[in-house]
Amino acid sequence: MWWSKRGWEDYLYWQARDAAKVVAINDLIKDIRKTPFTGLGKPEPLRENWSGWWSRRITLEHRLVYRLLDIPTPGRKQASTTIRMIQIVQCRFHY
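Per my numbering: the sequence shown = residues 42 to 136.
If you want it as structure tokens, here you go:
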């Protein structure tokens, strides 16, 4: 998992101010790992400038915005492998 600077600052903000939101964010992240495009928080694909990104509801006011990246890894010469990484860009306010 990779956090943008803003995403990490948002997460630290919640750690200092609202433990319930941290629990909710952690639950969403666990669910994203299992089912990236369905599940908790009403996953929604974003459009226009946010094309390729997804949003999940933390609360009525706040959203977790993320995308999945397939990162190539050095593998055997016969077949290269990739790992799927979650990139979180924000977890506070709307996109």
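All residues carry an ideal CB built from backbone N, CA and C; glycine is no exception.
For Arg74, the three-state secondary structure derived from DSSP is helix. Around the beta carbon of Ile124, a 10 Å sphere encloses fewer than 16 other beta carbons of the protein chains shown; the residue is thus reported as exposed. Per the coordinates, the alpha-carbon of Phe78 lies some 12 Å from the alpha-carbon of Gly93. A direct Cα-to-Cα measurement between Pro86 and Arg108 gives close to 9 Å.
Under the DSSP definition of a beta bridge, Pro113 partners with Thr123.
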